[in-house]
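Trainee: Residue numbers (this note's numbering): 5 to 512. Yeah, the Cβ is synthetic: ideal placement off N, Cα and C, and Gly gets one too. Keep in mind it's a predicted model, so treat the numbers as computed, not measured.
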Amino acid sequence: MRNEGIGSWPARRARKTPHRTALLHDGTALTYAALHARTARLAHALRSQGVRRGDRVAYLGPNHPSLLEALFASGLLGAVFVPLNTRLAPPELAHQIDDSGARLLLHGPTHAAAADHLLRHTGLTSLLDVSSTYEALIAAAPADRLDEPVTGGDPAMIMYTSGTTGRPKGAVLTHANLTWNAFNVLIDADYRPAERALVCAPLFHTAGLNMVTLPVLLKGGTCVLAGSFDAAETLRTVEREGITVLFGVPTMLGLMARTPEWDTADLSSLTRLVCGGAPVPGTLLDSYRRRGLDILQGYGMTEASPGVLFLDAEHAAAKIGSAGVPHFFTDVRLVATDGRDSAPGEAGEVLVNGPNVMSGYWGLPEASATALDGGWLHTGDLARADSDGFVTVVDRAKDMIISGGENIYPAEIEDLLLAHPAVAECAVIGVPHDKWGEVPLAVVVPVPDRDCDPAEVLASLSGLIAPYKIPKSLVLTDELPRTASGKLRKPLVRERHGHTRTKKEVKP
Numbered sequence: 005m006r007n008e009g010i011g012s013w014p015a016r017r018a019r020k021t022p023h024r025t026a027l028l029h030d031g032t033a034l035t036y037a038a039l040h041a042r043t044a045r046l047a048h049a050l051r052s053q054g055v056r057r058g059d060r061v062a063y064l065g066p067n068h069p070s071l072l073e074a075l076f077a078s079g080l081l082g083a084v085f086v087p088l089n090t091r092l093a094p095p096e097l098a099h100q101i102d103d104s105g106a107r108l109l110l111h112g113p114t115h116a117a118a119a120d121h122l123l124r125h126t127g128l129t130s131l132l133d134v135s136s137t138y139e140a141l142i143a144a145a146p147a148d149r150l151d152e153p154v155t156g157g158d159p160a161m162i163m164y165t166s167g168t169t170g171r172p173k174g175a176v177l178t179h180a181n182l183t184w185n186a187f188n189v190l191i192d193a194d195y196r197p198a199e200r201a202l203v204c205a206p207l208f209h210t211a212g213l214n215m216v217t218l219p220v221l222l223k224g225g226t227c228v229l230a231g232s233f234d235a236a237e238t239l240r241t242v243e244r245e246g247i248t249v250l251f252g253v254p255t256m257l258g259l260m261a262r263t264p265e266w267d268t269a270d271l272s273s274l275t276r277l278v279c280g281g282a283p284v285p286g287t288l289l290d291s292y293r294r295r296g297l298d299i300l301q302g303y304g305m306t307e308a309s310p311g312v313l314f315l316d317a318e319h320a321a322a323k324i325g326s327a328g329v330p331h332f333f334t335d336v337r338l339v340a341t342d343g344r345d346s347a348p349g350e351a352g353e354v355l356v357n358g359p360n361v362m363s364g365y366w367g368l369p370e371a372s373a374t375a376l377d378g379g380w381l382h383t384g385d386l387a388r389a390d391s392d393g394f395v396t397v398v399d400r401a402k403d404m405i406i407s408g409g410e411n412i413y414p415a416e417i418e419d420l421l422l423a424h425p426a427v428a429e430c431a432v433i434g435v436p437h438d439k440w441g442e443v444p445l446a447v448v449v450p451v452p453d454r455d456c457d458p459a460e461v462l463a464s465l466s467g468l469i470a471p472y473k474i475p476k477s478l479v480l481t482d483e484l485p486r487t488a489s490g491k492l493r494k495p496l497v498r499e500r501h502g503h504t505r506t507k508k509e510v511k512p
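1. Rounded to whole angstroms, what is the Cα-Cα separation between K508 and A459?
2. With H, G and I counted as helix, E and B as strand and the rest as coil, what does DSSP make of L316?
3. Where does A119 land, buried or exposed, given buried means 16+ other C-beta within 10 angstroms?
4. Out of curiosity, what's the CA-to-CA distance linking E8 and T155?
5. Can you name the start and end residues of the beta strand (DSSP E) that T25 belongs to?
6. Kindly confirm or deny that the segment 343-359 and the segment 197-213 touch, where touching means at least three C-beta pairs closer than 8 Å.
7. Can you tell me the Cα-Cα spacing of K323 and N188, whole angstroms?
8. How many angstroms separate the CA atom of L355 from the CA atom of T255?
9. Have a look at the DSSP bridge pairing and note the partners of C227.
10. Of the choices T178, P153, H68 and V449, whose alpha-carbon is the least far from that of V134?
11. Give the list of continuous beta strand (DSSP E) stretches no shorter than 3 residues that lie fully inside the segment 456-490.
12. Using a threshold of 8 Å, state whether the C-beta atoms of D103 and G157 are closer than that.
13. Using the three-state DSSP reduction, which class does T21 fall into: helix, strand or coil?
14. Exposed or buried, what is L468 when buried is set at 16 or more other beta-carbons lying within 10 Å of its beta-carbon?
15. If you reduce the DSSP assignment to three classes, tell me which class Y138 lands in.
16. I think R24 touches Y36, with their Cβ atoms under 8 Å apart; what is that distance to the nearest whole Å?
17. Assuming L109 and L128 form a contact by the criterion Cβ under 8 Å, report the distance between their Cβ atoms to the nearest whole angstrom.
18. Nearest-angstrom Cα distance between T287 and A98?
19. With three or more C-beta pairs closer than 8 Å as the rule, is the segment 229-244 touching the segment 270-279?
20. How do the segment 445-456 and the segment 471-479 stand: do at least 3 beta-carbon pairs fall below 8 Å, yes or no?
21. Excluding five sequence neighbours on each side, which residues of the same chain lie with their C-beta closer than 7 Å to the C-beta of A371?
22. Identify every residue that forms a DSSP beta bridge with H382.
23. For M161, list the residues DSSP reports as bridge partners.
24. What does the alpha-carbon distance come out to for the pair T32 and V228?
25. Tell me which same chain residues have a C-beta within less than 7 Å of the C-beta of A428, skipping the five on either side of it?
26. How should P197 be labelled, buried or exposed, when 16 other C-beta atoms within 10 angstroms of its C-beta is the threshold for buried?
27. Tell me which same chain residues have a C-beta within less than 6 Å of the C-beta of L39, skipping the five on either side of it?
28. Please determine, among L50, H424 and Y303, the residue with the shortest C-alpha to C-alpha distance to A147.
29. When DSSP labels each residue in this structure, what does E237 get in the three-state scheme?
30. Buried or exposed, going by whether 16 or more other CB atoms sit within 10 Å of the CB of T506?
31. How is the alpha helix (DSSP H) around A211 delimited, first residue to last?
32. Tell me the rounded alpha-carbon separation between A320 and A62.
33. Can you tell me which of the three DSSP states V284 falls into?
34. Can you give me the C-alpha to C-alpha distance between L182 and E483, rounded to a whole angstrom?
35. Could you name the residues that DSSP lists as bridge partners for Q301?
36. Tell me whether Y195 sits in a helix, a strand or coil according to DSSP, three-state version.
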């Protein structure tokens, strides 16, 4: 019987490059031959624990080789892997365990207490600590090949969305989804067998796992796993390990650029610096360009495994700020509110089609039908394409402000606000206005120990954007509400700050 899923990857890679290093963690290297052997043994061990085809296997812990071993072993059994966000609160974790129907949870030793809590309060029936017990099970398990048929259309993973607009939904990603996404990345990012990728973004998120780790392993490169992100340590690791590929969200890259070591860090080995998860502020792009590095931006979402758009190195400078063009095997439409395809320069909703798009949401047929209406994934995001087809993501459709008939995209204003030296974080929302219907309001977290005068900050926008786009007021706050993955929760910002009805324009 044939296993066409990602569970077969370690064996296939081991027969080509058995002695090449696949994973490096805490100074310990794991070759492809060793990864194959451990994955096969773990699959037998999981079967001895009662895991069968279609069962869900959950994992809770920081970046560690055992997470990838569990993913591949689940794939060998035809089981479905469920990576859990370590930053979630117990009730949020319990929801995902019960929603997915997972019965077995593998967990890191740092999350033993959380795992015990989940065992008592969910439908879990067994736990497996990925330390001594885990190693003993692997050592005792047979290494012979499992003969379980797995097709590309079988579910490989349930990955929960960030939940910025409600309770997270489980996107069902098939083996084919993950494979085609890896093909897209290999073609467009042009990863080589000699890559050394630093994986400091969490593997329980789609970008760290599917945009970096799986494509690099498919190509035969090395993934250096970091248990957590630390800006200064990341810079030191790049130099020490000769890192060639690094992925980060804008927050991570911003922290690196603000460390004292930034100006002197040796970044000469880096050939690909990829950023996603949110639009990259222009000031951050400039910081990296001064170090000779172009940030290759991308756009994606969990439901697309996640790659949708990618800006390659050839166009990074000429199309700075763009998210690029659709990945090789992926198609994108920008659709105006009247249902027609948007003209160049006109904003439209991003619709996605391709073999990397999820099969649906776990246990939610109505939500799946809505999201995949007409065979296209409806993202709810707005973007514009230029005459060359390069796409710039504008904002969430739900975040767009309509003021006096004019469309205002908060992300554009937020990018400019973040360039102000007194602004650490910001969010722009629409608030009611008697004349214009709604107008922008800026919610700002000041830089610590810096004077942040609202009128002066708003005045700094004059001449940079049209007057109607400039927020009519600005409020200061200690923090902005975010998801466990760091994404801004605009609905909560509106709930906290959006009740003020602006009756007159406040001039900065």
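Mentor: From the atom records:
1. Position 504 of the sequence shown, counted from the first residue, corresponds to residue 508. Position 455 of the sequence shown, counted from the first residue, corresponds to residue 459. Here the model assigns K508 a pLDDT of 38, short of 50, so the residue's position is not dependable, and the following value carries that caveat. Distance between the alpha carbons of K508 and A459: 15 Å.
2. Mapped onto the sequence shown, residue 316 falls at position 312. At residue 316 the sequence reads Asp, which differs from the Leu that was named. Correct three-state label for D316: coil.
3. On the sequence shown, position 115 is the one that residue 119 refers to. Classification of A119: buried, given that the 10 Å Cβ count is 16 or more.
4. Residue numbering aside, residue 8 sits at position 4 when the sequence shown is read from its first letter. Residue numbering aside, residue 155 sits at position 151 when the sequence shown is read from its first letter. Straight-line Cα distance between these residues: approximately 5 Å.
5. Numbered from its first residue, the sequence shown carries residue 25 at position 21. Start and end: T25 to H29.
6. no
7. Within the sequence shown, numbered from 1, the residue matching residue 323 stands at position 319. Within the sequence shown, numbered from 1, the residue matching residue 188 stands at position 184. Taking the straight line joining both Cα atoms gives about 20 Å.
8. Against the sequence shown, residue 355 aligns to sequence position 351. Against the sequence shown, residue 255 aligns to sequence position 251. Going by the C-alpha atoms only, they are around 27 Å apart.
9. The count along the sequence shown starts at 1 and reaches residue 227 at position 223. DSSP output for C227 lists L27 and A201 as bridge partner(s).
10. For the purposes of this step, residue 134 is taken as the residue at position 130 of the sequence shown. Measuring from the Cα of V134, the nearest candidate turns out to be H68.
11. 477-480
12. On the sequence shown, residue 103 is found 99 positions in, with the first residue counted as 1. On the sequence shown, residue 157 is found 153 positions in, with the first residue counted as 1. Contact: no.
13. Position 17 of the sequence shown holds residue 21. Coil at T21, not helix or strand.
14. Numbered from its first residue, the sequence shown carries residue 468 at position 464. Exposed, by the Cβ-count rule.
15. Taking the first residue of the sequence shown as position 1, residue 138 is located at position 134. Y138: helix per DSSP, three-state reduction.
16. The sequence position of residue 24 within the sequence shown is 20, counting from 1. The sequence position of residue 36 within the sequence shown is 32, counting from 1. 6 Å between Cβ atoms; contact.
17. Counted from its first residue, the sequence shown places residue 109 at position 105. Counted from its first residue, the sequence shown places residue 128 at position 124. About 5 Å separates the two Cβ atoms, so the contact holds.
18. If you number the sequence shown from 1, residue 287 lands on position 283. If you number the sequence shown from 1, residue 98 lands on position 94. For T287 and A98, the distance between alpha carbons rounds to 40 Å.
19. yes
20. yes
21. Here residue 371 refers to the residue found at position 367 of the sequence shown. Taken in chain order, the residues that qualify are K173 and Y365.
22. Here residue 382 is taken as the residue at index 378 of the sequence shown, counted from 1. In the DSSP output, where bridge partners are listed per residue, H382 has L355.
23. Here residue 161 refers to the residue found at position 157 when the sequence shown is read from its first residue. Answer is F85 and L177.
24. In the sequence shown, counting from the first residue as 1, residue 32 sits at position 28. In the sequence shown, counting from the first residue as 1, residue 228 sits at position 224. Computed Cα separation, rounded: 10 Å.
25. Position 424 of the sequence shown, counting from 1, holds the residue named residue 428. Counting only Cβ-Cβ distances below 7 Å, and skipping sequence neighbours, we find V449, P450 and V451.
26. Within the sequence shown, the letter at position 193 stands for residue 197. Under this definition P197 is an exposed residue.
27. Along the sequence shown, one-based indexing puts residue 39 at 35. Answer for L39: P14 and A26, listed in chain order.
28. Stepping through the sequence shown from its first residue, residue 147 is reached at position 143. Taking only the C-alpha atoms, the option nearest A147 is L50.
29. On the sequence shown, residue 237 is found 233 positions in, with the first residue counted as 1. Helix, per DSSP.
30. Residue mapping note: residue 506 aligns to position 502 of the sequence shown, counting from 1. Confidence at T506 is low in this model, with a pLDDT of 47, below 50, so the placement of that residue is unreliable and no value is reported for it.
31. Residue numbering aside, residue 211 sits at position 207 when the sequence shown is read from its first letter. Note, A211: premise wrong, no alpha helix (DSSP H); not H, not E.
32. The residue labelled residue 320 in the question sits at position 316 within the sequence shown. The residue labelled residue 62 in the question sits at position 58 within the sequence shown. Between A320 and A62, the C-alpha separation is close to 38 Å.
33. For the purposes of this step, residue 284 is identified with residue 280 of the sequence shown, where counting begins at 1. Three-state result, V284: coil.
34. One-based indexing of the sequence shown puts residue 182 at position 178. One-based indexing of the sequence shown puts residue 483 at position 479. One C-alpha to the other measures close to 36 Å.
35. For the purposes of this step, residue 301 is taken as residue 297 along the sequence shown, with counting starting at 1. Looking at the DSSP assignment, Q301 forms a beta bridge with C279.
36. Here residue 195 is taken as the residue at index 191 of the sequence shown, counted from 1. In the structure shown, Y195 sits in coil (DSSP, three-state: anything other than H, G, I, E or B).
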